[in-house]
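K.L.:
Got a structure for you, questions after.
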Amino acid sequence: MATLLEKAEQLFYDRDLPKEQTTETYGGESEHWKVMDYTIKANPALFRTFAGRIYMKGQELYQANYFKSSVHVVVDRRDDIPLHEQTFSTEGEDVDPGDLEISEQSTGEFSAEWESYQNKRGEPLAIADISEVYIIVEWRGVKEEDIHEERISLQPVEEQT
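Position one of the sequence shown corresponds to residue 896 (the numbering used here), numbered consecutively onward.
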């Protein structure tokens, strides 16, 4: 059923749309993190992201008290737009102490109607308008006092054929 819905959504949003690239997949690395398969789809009818994965380098398991990721795009080299963020903490009601294992996480997803984001010309945001994509990751290990923060710059990745 999900596949049928995805196909219907694709047909709906791809009808009579410009032929320029409307989808881009991104990846990138920082000192402690690697991001794979974060996808952005931007066309006149829709601006949507599809979840990729965030991996902590060199860690099979990593217990934490706190984890936050926020995804941003920079449009026309000037407008920084925070798309979405997610936060997990053992201090909240959602996570029990010892249950926050962060060695692999989802980047999260975002969906909006095209009116939500426009380029400097007032047109619906297109892939070509995106000059930068990055993720800010914050985390604190179980036995740590300080919150660590890293910025992961994402770049378009080549499709594997």
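Here a beta-carbon is modelled for each residue, glycine too, at the ideal position from N, C-alpha and C.
1. Go through the stretch 912-986 residue by residue and report every complete run of the beta strand (DSSP E) that reaches 3 residues or more, in order.
2. Taking 8 Å as the cut-off, decide whether the C-beta atoms of E1045 and H927 are in contact.
3. Could you tell me whether the stretch 956-963 touches the stretch 1012-1020, where touching means 3 or more Cβ pairs closer than 8 Å?
4. Short of 7 Å in beta carbon distance, which residues of its chain neighbour Y1029, apart from the five on each side in sequence? Order them along the chain.
5. Just verifying my parser: in three-state terms, what is the DSSP assignment at A1007?
6. Let me make sure I understand the geometry here. Which of V930, V970 and L941 has the alpha-carbon closest to that of N1014?
7. Just the C-alpha distance for T934 and G922, rounded to the nearest angstrom, thanks.
8. Under a three-way DSSP split, which group does I1042 fall into?
9. In the DSSP assignment, what are the bridge partners of V1052?
10. Residues in its own chain within less than 7 Å of A946 by CB, not counting five upstream and five downstream?
11. Count the other CB atoms, across all protein chains shown, that sit within 10 Å of the CB of V930; report buried if there are 16 or more and exposed otherwise.
12. Can you list the beta strand (DSSP E) stretches of 3 or more residues lying completely in the stretch 1017-1042, in chain order?
13. Per the DSSP calculation, S998 is bridged to which residue(s)?
P.N.:
Walking through what the data contain:
1. Counting only runs of 3 or more, we get 918-924, 928-938, 941-945, 948-951, 959-970 and 974-984.
2. Numbered from its first residue, the sequence shown carries residue 1045 at position 150. Numbered from its first residue, the sequence shown carries residue 927 at position 32. Yes, they are a contact pair.
3. no
4. The count along the sequence shown starts at 1 and reaches residue 1029 at position 134. Cβ within range, chain order: H967, R1046, I1047, S1048 and L1049.
5. Here residue 1007 refers to the residue found at position 112 of the sequence shown. Strand.
6. Taking the first residue of the sequence shown as 1, we reach residue 1014 at position 119. Out of V930, V970 and L941, V970 has the C-alpha closest to the C-alpha of N1014.
7. Sequence index remark: in the sequence shown, residue 934 carries index 39 (1-based). Sequence index remark: in the sequence shown, residue 922 carries index 27 (1-based). Going by the C-alpha atoms only, they are around 9 Å apart.
8. Translated into the one-based positions of the sequence shown, residue 1042 becomes position 147. If DSSP states are grouped into helix, strand and coil, I1042 belongs with coil.
9. On the sequence shown, residue 1052 is found 157 positions in, with the first residue counted as 1. None; V1052 has no bridge partner.
10. Taking the first residue of the sequence shown as 1, we reach residue 946 at position 51. Only S1001, T1002, G1003 and E1004 meet the Cβ criterion.
11. Along the sequence shown, one-based indexing puts residue 930 at 35. So V930 ends up on the buried side.
12. Taking only runs of at least 3 residues, the beta strand (DSSP E) segments lying wholly in the stretch 1017-1042 are 1025-1036.
13. Numbered from 1 along the sequence shown, position 103 holds the residue referred to as residue 998. Paired residue(s): none; S998 is not in a bridge.
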